[in-house]
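Student: Residue numbers (full-length UniProt numbering): 1 to 166.
By construction, the Cβ of each residue, glycine as well, lies at the ideal position given by its N, Cα and C atoms.
(1) In its own chain, which residues sit with a C-beta less than 6 Å from the C-beta of residue 129, not counting the 5 before and 5 after it?
(2) Hey, residue 155 and residue 148: beta-carbon distance below 8 Å or not?
(3) Nearest by alpha-carbon distance to residue 66: which of 143, 138, 134, 139 is it?
(4) Alpha carbon to alpha carbon, what distance is there between residue 59 and residue 159?
(5) Quick check: what's the CA-CA separation for residue 132 versus residue 56?
(6) Would you identify the three-state DSSP class for residue 141, choosing helix, strand or coil?
(7) For residue 97, is the classification buried or exposed, using 16 other Cβ atoms within 10 angstroms of its Cβ as the cut-off for buried?
(8) Straight-line CA distance for residue 100 to residue 64?
(9) Ignoring anything shorter than 3 residues or poking outside the region 48-108, list the beta strand (DSSP E) runs there in chain order.
(10) Output the distance between the C-alpha atoms of residue 144 and residue 77, rounded to the nearest integer angstrom.
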């Protein structure tokens, strides 16, 4: 008899817990639906979050075929970089700039006719600069260049462009 009483009490307690979890703390669904229907387009626009300006703006301006220090074919890509962040940042720590041929990333090249230091110079907020990076060519097929934020959760492409190197 005592076992049945304990089992009955446990069952009632369990049923009460399940019933309480089913209760909501908010209003009814009908009221929420009515409120959503009452909003005007102007109110809806105010409720949408504003799109944040990207921390960095990049344009891929030019691509010139050259040779690296060992005489191998290379390209020099010119970028325009604007720092919209709230602190000074160099191009090479803000942006991941990659070049591809046939879907494979190209290696960086060492060439004498660019200022490699320019990618490491800090750019203050609101300032714009031009930087260049060199890449070794694998062959004469088109080169596709893309830039993303170096550290980002979205992997959003800031700029992309394809160049013919033939």
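Tutor: The answer reads as follows:
(1) Non-local beta-carbon contacts of residue 129 in its own chain, meaning distances under 6 Å to residues more than five positions away in sequence, involve 81, 123 in chain order.
(2) Result yes, Cβ atoms of residue 155 and residue 148 sit closer than 8 Å.
(3) Closest option to residue 66, Cα to Cα, is 134.
(4) Their backbone Cα atoms lie some 6 Å apart in a straight line.
(5) A direct Cα-Cα distance of roughly 16 Å separates residue 132 from residue 56.
(6) In the three-state scheme derived from DSSP, where H, G and I count as helix and E and B as strand, residue 141 is classed as coil.
(7) Residue environment analysis places residue 97 among the buried positions, since at least 16 neighbouring C-beta atoms fall within 10 angstroms of its C-beta.
(8) For residue 100 and residue 64, the distance between alpha carbons rounds to 15 Å.
(9) Here the runs fully enclosed are 56-67, 73-83, 95-101.
(10) Going from the Cα of residue 144 to the Cα of residue 77 covers about 11 Å.
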